[in-house]
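Notes to accompany the following structure.
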Amino acid sequence: MNTMEGYGDMYSYTMIQWLFFFYLYCFLGWCVESVYVSIRTRHLTNRGFMRGPFLPLYGSGAVMMLVVSMPFQDNVVMTYIAGCVGATVLEYITSVVMEALFKVRYWDYTRLKFNFQGRICLGTTLAWGILTIAMTEFIHVPIEMFVLSIPGRVLNVVTLTLTIWIVSDFALSFKAAVDLKEVLIKMEQMKKEMLHIQKRLESIMTAANREVENYKEALSESVSTVKESWNEVRSMRMEDVIAGIENKFENIKTTAQTRSSAYLESVKEELFELKTKYAINLELRRRVSGLKDFFQRNLLRGNPNMTSARFQEDLDELKKKAKEKQREKSYDMEKQPMEKENSSEEINSYATERVSAKEGDSVGENSMAEGEDSSKKEV
């Protein structure tokens, strides 16, 4: 085993030891974060990006703190400054990369004072410096002693096993995050299509009221309106868009019933097409937002503070559905023991009835036998 010259020397770790430190701090970070979030939300939460008990940001942060503090081991002030700068840079880069890949932010400091783009803030930067001093002076010392006491072969096997586990978990979690991004993009596209339907219905209503004969002109106006107004209504709730479409269909129906309109007669096929597209998009959105994938639901539940500048309304809808599915699952788990208990009671009741019936049959048979014997005697 490659050993160090003495405890406290952070320059001589082997690659295996660095990896093990990284995995161990990923786990410890997950424990702290999950306990904190579970207490705050009042229910158990598997915090973080991955499904397993690991938070890579904490592991990376811990290793980074050890590395940046190496040149300043005897200077607490410089260790503090190095920790503040190093951890803040790591946090900012991680936030930018993850948002670019997945179109969501897994943490957001927008509501805190002295933040920059919601990715970093002064309070956490100062806290990183304090945590760096705590890491180098207190936390890492017993952990270092523990790791260095593990035989080399055992450490190699454990680290290799953890590597396979964590890499597999990360691959599945990465795929779930990419799939979640695709769900959000599809939901936005369907919202655009719904808005397009709404604007075309508005054009038909306007044309019907004016008895405009040039439908193509009205249609071209509606298409340009959709392009101009999309940025304005991106934040609209989907429920409002659906309600608006339903209301316009109802208004057109009422108009057609109350007075004859040559224009509405001429666009019957167009209205039927719009209604068909509306029904199809409504069903597709329901399926896409159904969150059948466990990893996607787990990702949403484990990151309740997840935000998205582009997809916030759709993201909130998915979070709500993830919570509903969790409640349904909890209800089913509570219901199963009751069903088993009721089933056992029914079985016992049925068995009791069968025993009683058999006893009744036996009494009847005995009575008949006694009757036959008495008849024979009389004969």
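Numbers in this note's numbering are just positions in the sequence shown, counted from 1, shifted up by 5.
Note that CB positions come from ideal geometry on N, CA and C, so glycine has one too.
Under the 8 Å Cβ criterion, the segment 180-197 counts as touching the segment 296-315, having at least three qualifying pairs. Per the C-alpha coordinates, the member of T50, Q22, W23 and G88 positioned closest to W35 is T50. The criterion of a C-beta distance shorter than 8 Å is satisfied by L136 and G88. Nearest to E142 by C-alpha distance, out of E198, I21 and V82, is V82. DSSP places G53 in no alpha helix (DSSP H); its state is neither H nor E.
In the three-state reduction of the DSSP assignment, T312 falls in the strand class, which pools E and B.
As DSSP reads the structure, F300 sits in no beta bridge. For D245, the enclosing alpha helix (DSSP H) begins and ends at M243 to T263. Selection R56, A213 and T130 evaluated against A176 yields R56 as nearest (Cα-Cα). Rounded to the nearest angstrom, the Cβ distance from D113 to T312 is 5 Å, consistent with a contact under 8 Å. Ranked by Cα distance from V272, the options E322, V293, A212 and I86 are led by A212. With the rule of 3 Cβ pairs closer than 8 Å, the segment 167-174 does not count as touching the segment 152-159. In the displayed model, R292 falls within a helix according to three-state DSSP. Runs of the alpha helix (DSSP H) spanning 4 or more residues and lying entirely within the segment 64-115 occur at 81-107, in chain order. Between the segment 70-81 and the segment 110-130 there are fewer than three inter-stretch CB-CB distances shorter than 8 Å, so the stretches are not counted as touching. The shortest C-alpha to C-alpha distance from R315 to any of S173, K196 and R264 is the one to K196. Taking a contact to require three or more Cβ pairs closer than 8 Å, the segment 100-112 and the segment 16-35 do not qualify as touching. When DSSP reads this structure, N120 sits in a beta bridge with C126. Rounded to whole angstroms, the Cβ separation of I247 and L206 is 12 Å, and the two are not in contact under 8 Å. Taking 8 Å as the cut-off, the Cβ atoms of K325 and L296 do not count as close.
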